[in-house]
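Chemist: Residue numbering for the sequence shown follows UniProt numbering, starting at 1 and increasing by one per position.
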Amino acid sequence: MSADLLEIDDLGCSLPVRGEWRAVLDGVSLSVGAGRTIGIVGESGSGKSMLTRAVLGLAPPGARVTGSARLAGEDITSPGRHLQRRLLGTRMAVVFQDPMTALNPVVRIGRQLTEPMRFHLGLDRAAARARAVDLLVKVGIPDPDQKLRQYPHQLSGGMRQRVTIAAALSCDPEILFADEATTALDVTVQKQILDLLGEIQRERDMALVLISHDLGVIAGRTDDVFVMYGGRLVERAPTELFFTRHRHRYSAALVESIIRRDHPRHGEFRTIPGAPPLPGAVAGCPFGPRCLAVGDECRESTPPLRQDTGNSRQAHRCIHPVNGDLR
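Listed below in structure tokens is the structure:
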């Protein structure tokens, strides 16, 4: 088993809302092994994107971040050290959902790719441009010399996302976060981008974190799945076990919402009733108001993660789990 490259311990994030602090992340702990791929899933508002931003030092201004994150054993969240900003773009990189917000619309593609390499890697103009051409070829962009002279609006959505991937890879990061990186793309382009990320991850032996609300993005592409809801980590499991042996009721609802050809209800679209709670609005299990198996104890408290005795990589925090209880 690979050594842990990124270790997140009891990470929390609170935002000031109408004079009081609201927890949008609540005690999240997880780890990512070097060269491994994990998936973080959950509906919009579950806290998965905020987790990424807190780790990378991109939490909103005024946010209160607690807990710690360590990269190769070094605490990168210590106040005042500003390590996250120095490591972002070098040892850590991120690809966001909308490439038009990640790319400067009035700066040519070439400059946006070469400037970080000249700053972080100390390359001269010619070497940085040559590396930029190689990166564009690697991510499948034809006629790279022409693309370097163009502006973002002159490229398609899929091409823009490939440029952001090239930019993220330009300084050889050890870990790459892909935060809903394919959500805005059509299905064909989405598969191409996901295949590209997987290919690059394997070639570079890089850790990859796929963040998505779509379980189809995670299936078959990750080693482990982490499920978030209401700002909390509610389940973790090896991917090969998650889809058939999930424990938390929210995980079950997510899996049930997938339309599968081999399922007796093929073609039937199932949704999860209700809506995710506001941060800090539920005292007990955050999924309680939407759960069909909720009991009084669920409304009063949320259990800690309970580890499966048969697999140390699987754990959940559900009082009434599906597929049998863990003891």
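Beta carbons: idealized from backbone N, C-alpha and C, even for Gly. Just so we're clear, the structure is a prediction, and the values are computed from it rather than from any experiment.
In angstroms with no decimal places, state the Cα-to-Cα distance between M1 and P276.
Modeler: Unreliable positioning characterises M1 in this predicted model, as indicated by a pLDDT of 44, which lies under 50. The coordinate reading is nonetheless provided below. Rounded to the nearest angstrom, the two C-alpha atoms are 35 Å apart.
Chemist: Hey, out of L11, L210 and Q146, whose CA is closest to G198's CA?
Modeler: Of the listed residues, the one whose Cα sits closest to G198 is L210.
Chemist: Quick test of your reading: P142 and M100, contact by CB under 8 Å. State the CB separation rounded to the nearest angstrom.
Modeler: Going by Cβ atoms, the distance from P142 to M100 rounds to 21 Å, so no, they are not a contact pair.
Chemist: How many angstroms separate the CA atom of T77 from the CA atom of S68?
Modeler: Cα-Cα distance, rounded: 6 Å.
Chemist: Taking the alpha-carbon of V94 as reference, which of A128, L136 and A168 has the nearest alpha-carbon?
Modeler: The shortest Cα separation from V94 among A128, L136 and A168 belongs to A168.
Chemist: Within the chosen definition, does the region 185–197 reach the region 6–21 through at least 3 CB pairs nearer than 8 Å?
Modeler: At 8 Å Cβ cutoff, the stretches do not touch.
Chemist: Entirely within the region 25–83 and at least 3 residues each: give me those beta strand (DSSP E) ranges in chain order.
Modeler: Runs found: 37–41 and 64–71.
Chemist: Am I right that V282 and G230 are in contact with their C-beta atoms under 8 Å? What's the rounded C-beta distance?
Modeler: That pair is a contact at about 7 Å.
Chemist: At which residues does the beta strand (DSSP E) containing C13 begin and terminate?
Modeler: Taken as a continuous stretch (DSSP letters only), the beta strand (DSSP E) holding C13 covers D4 to V17.
Chemist: How many Å lie between V227 and I38 at the Cα?
Modeler: Straight-line Cα distance between these residues: approximately 11 Å.
Chemist: Identify the continuous beta strand (DSSP E) that holds Q314 and give its terminal residues.
Modeler: Run containing Q314: N311 to H316, per the beta strand (DSSP E) assignment.
Chemist: Within the same chain, show all residues whose beta-carbon is closer than 8 Å to that of L56, passing over the 5 residues directly before and after it, in chain order.
Modeler: Within the same chain, L56 has close Cβ partners Q84, L88, M92, V94 and F177.
Chemist: Considering only heavy atoms of the ligand GDP, does any lie closer than 6 Å to the CB of G45?
Modeler: With respect to the ligand GDP, the structure offers nothing, as it holds no ligand at all.
Chemist: Below 8 Å on the Cβ atoms is my guess for G220 versus I258; work out the distance and round it to an integer in Å.
Modeler: So it is not a contact: roughly 13 Å between Cβ atoms.
Chemist: Would L305 pass as a contact of R317 if the rule is Cβ separation under 7 Å?
Modeler: The answer is yes: Cβ separation under 7 Å.
Chemist: At the level of alpha carbons, what is the spacing between L25 and R232?
Modeler: Answer to the nearest angstrom: the Cα atoms are 6 Å apart.
Chemist: If D224 sits next to A237, beta carbons under 8 Å apart, how far is it from one beta carbon to the other, in whole angstroms?
Modeler: Sure, about 7 Å apart at Cβ, within 8 Å.
Chemist: Do you know how far the Cα of T239 is from the Cα of G35?
Modeler: Cα to Cα, the separation comes out at about 16 Å.
Chemist: Does chain B have any CB closer than 7 Å to the CB of E256?
Modeler: Looking at the structure shown, chain B is missing, and only one protein chain is on hand.
Chemist: By alpha-carbon positions, which one of V107, I319, E300 and D186 ends up nearest to Q154?
Modeler: Nearest of V107, I319, E300 and D186 to Q154, Cα basis: V107.
Chemist: Tell me whether V32 is buried or exposed, calling it buried when 16 or more other Cβ atoms sit within 10 Å of its Cβ.
Modeler: Under this definition V32 is a buried residue.
Chemist: Kindly indicate which three-state DSSP category I141 falls into: helix, strand or coil?
Modeler: Reduced to three states, the DSSP call for I141 is coil.
Chemist: By the 10 Å Cβ neighbour count, where 16 or more other Cβ atoms means buried, how is V65 classified, buried or exposed?
Modeler: By the 10 Å Cβ count, V65 comes out buried.
Chemist: By Cβ distance below 7 Å, which residues in the same chain neighbour Q97 in space, the five residues on each side in sequence not counted?
Modeler: Cβ neighbours of Q97 beyond the five flanking positions: D179, E180, A181, T183 and A184.
Chemist: Could you tell me the boundaries of the beta strand (DSSP E) in which S251 lies?
Modeler: Taken as a continuous stretch (DSSP letters only), S251 belongs to no beta strand (DSSP E), being part of the alpha helix (DSSP H) at R249 to E256.
Chemist: Please return the same chain residues whose Cβ sits closer than 6 Å to the Cβ of A102, not counting the five positions on each side in sequence.
Modeler: Result list for A102: F96 and T164, in chain order.
Chemist: So, at 6 Å on beta carbons, what are the nonlocal neighbours of P60 in its own chain, with the 5 sequence-adjacent residues on each side left out?
Modeler: Same-chain partners within the cutoff: there are none.
Chemist: Applying the criterion that 16 or more other CB atoms from any shown protein chain within 10 Å of the CB defines a buried residue, is E20 buried or exposed?
Modeler: Exposed, by the Cβ-count rule.
Chemist: Between the Cα of Q307 and the Cα atoms of G140, C298 and P321, which residue gives the shortest distance?
Modeler: Residue P321 is the option with its Cα nearest to Q307.
Chemist: Give me, in chain order, the residues of the same chain whose beta-carbon lies closer than 6 Å to that of L123; leave out the 5 immediate sequence neighbours on both sides.
Modeler: Within the same chain, L123 has close Cβ partners M117.
Chemist: Would you mind giving the Cβ-Cβ distance between residue 341 and R70, rounded to the nearest angstrom? I have them listed as a contact below 8 Å.
Modeler: Given a span of 1 to 327 for the chain in the structure shown, any question on residue 341 remains unanswerable.
Chemist: Going by CA-CA distance only, name the one from I175, A63, G157 and D172 that's closest to V187.
Modeler: Nearest C-alpha to V187: G157.
Chemist: On the DSSP bridge assignment, give the partners of D308 in chain order.
Modeler: N311.
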